[in-house]
Amino acid sequence: MGEQLVLWGIGTSRTIRAHWALHELDLPYESRPILPRSGETKTPEYTALNARQKIPLLVDGDFRIGESAAIVAYLSQNYSTPEHVLIPEGKSLQARWLEWCFFVVAELDSTSLYVMRRHGTINGLAHIYGESPAVVTKAGEYFRDQLRHVDVALSDGRTYLMGDQFTTADIILTTCLTWAIDYGVGICDSAMPYLERTKARPAYQRAALANKPKALACS
Ligand SMILES: N[C@@H](CCC(=O)N[C@@H](CS)C(=O)NCC(=O)O)C(=O)O
């Protein structure tokens with residue numbers, strides 16, 4: 035484990051999660067900068083690695099894992115050190131951490147933002163999945179409604195979702211908030227200073243560079 039970490043995929047709000055966790059944990063890795071909707075996830079070489087034909091994918095020796103939230107959880111569980119930790123200690127705090135991770139992935143990403151992307155025309159995939167302004171509007175409203183729970187959590191003055199400790203739940207949430215802003219969906223008041231804090235982290239800055247395509251090659 036850890037002899038050679040290889041991360042496939044750049045350019046999306048899902049791929050940056052894995053780059054960010056690697057940088058937070060200060061792990062050396064090799065980046066294979068393939069892009070979505072470029073044909074690069076469909077090549078025989080990549081399909082042999084990941085039959086789901088999606089990015090990101092982390093290869094750790096003989097072990098391979100996809101799904102951005104699972105990748106960052108895997109990295110934090112296996113590579114946290116006393117200096118670099120991305121997961122809280124103790125059963126109940128770990129359960130709470132998982133709850134936040136699932137909440138952000140299920141309610142903010144998959145049910146809301148990704149639905150907007152699938153059926154939207156602005157930066158969207160309506161040409162593939164069908165245009166539906168009503169669905170986009172409803173998904174945006176649902177996002178705002180679910181964001182109330184984040185607002186309540188952040189309004190008690192805590193620095194990160196779990197309190198003082200930065201965890202992978204913050205990585206996933208930050209990418210969703212950024213994605214929402216890009217889509218013109220308003221975010222809650224407490225989220226703006228929160229985003230400033232998370233994005234000011236040096237590991238985020240490095241990950242953003244690592245995740246950036248050299249030339250714009252995807253929509
Ligand atoms: N739930 C997955 C979603 C991964 C996903 O849908 N990735 C897209 C890019 S964001 C992809 O690889 N699509 C295939 C392609 O465009 O070739 C995750 O969080 O990792």
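Numbering (this note's numbering), first residue to last: 35 to 253. Each residue gets a CB set at the ideal place from its N, CA and C atoms; glycine is no exception.
Per DSSP, the bridge partner or partners of residue i
{"i": "R66", "result": "W42"}
{"i": "I99", "result": "L92"}
{"i": "Y194", "result": "G197"}
Where residue i falls: helix, strand or coil (DSSP)
{"i": "I162", "result": "helix"}
{"i": "G124", "result": "coil"}
{"i": "G174", "result": "helix"}
{"i": "D223", "result": "coil"}
{"i": "A52", "result": "helix"}
{"i": "D204", "result": "helix"}
{"i": "Q87", "result": "coil"}
{"i": "K76", "result": "coil"}
{"i": "D185", "result": "helix"}
{"i": "R130", "result": "helix"}
{"i": "G60", "result": "Position check: residue 60 holds Asp in this sequence, whereas Gly was assumed. In this structure, D60 counts as coil in the three-state DSSP scheme."}
{"i": "H153", "result": "helix"}
{"i": "K15", "result": "For residue 15 there is no data in the structure shown, the boundaries of the chain being 35 and 253."}
{"i": "T212", "result": "helix"}
Residue i beta carbon near ligand 2 (any heavy atom closer than 6 Å)
{"i": "Y80", "result": "Judged by which ligands are present, ligand 2 is missing from the structure shown, whose ligands are ligand 1."}
Own chain, CB closer than 8 Å to residue i, minus 5 neighbours either side, in chain order
{"i": "V119", "result": "S110 and Q199"}
{"i": "A225", "result": "L181, V184, D185, L188 and L211"}
{"i": "E61", "result": "Per the sequence shown, residue 61 should be read as Leu rather than Glu. Answer for L61: G36, L39, L109 and Y113, listed in chain order."}
{"i": "R130", "result": "P122 and M196"}
Chain-order list of residues whose beta-carbon lies under 7 Å from that of residue i (same chain, five-residue window excluded)
{"i": "V139", "result": "A103 and I206"}
{"i": "A237", "result": "W54, H57 and E58"}
{"i": "I221", "result": "L181, L211, A214 and I215"}
{"i": "T155", "result": "E165"}
{"i": "G43", "result": "T49, I68, I89, P90 and L91"}
{"i": "A160", "result": "H153 and G154"}
{"i": "A52", "result": "L41, P90, L92, S102, I105 and V106"}
Close Cβ partners of residue i (< 6 Å) along its chain, the five nearest in sequence each way excluded
{"i": "V170", "result": "M150, H153 and G154"}
- Item | Quiz: which residues have CB nearer than 5 Å to ligand 1 non-hydrogen atoms | Output, sorted by chain position: T46, R48, P70, R71, T75, K88, I89, E101 and S102.
- Message: Under 8 Å: do the region 168-188 and the region 136-147 share three or more Cβ pairs, one atom per stretch?
- Response: By the Cβ criterion, the region 168-188 is in contact with the region 136-147, since at least three pairs of Cβ atoms, one from each stretch, lie closer than 8 Å.
- Task: Mind the definition here: the region 98-105 touches the region 182-192 only if three or more C-beta pairs lie below 8 Å; say whether that holds.
- Result: The region 98-105 makes no contact with the region 182-192, as fewer than three CB pairs between them are under 8 Å.
- Decide if the region 89-101 is in contact with the region 234-244; the criterion is three or more beta carbon pairs, one per stretch, under 8 Å apart. Two segments are said to touch when three or more pairs of C-beta atoms, one from each, lie closer than 8 Å; by this definition the region 89-101 does not touch the region 234-244.
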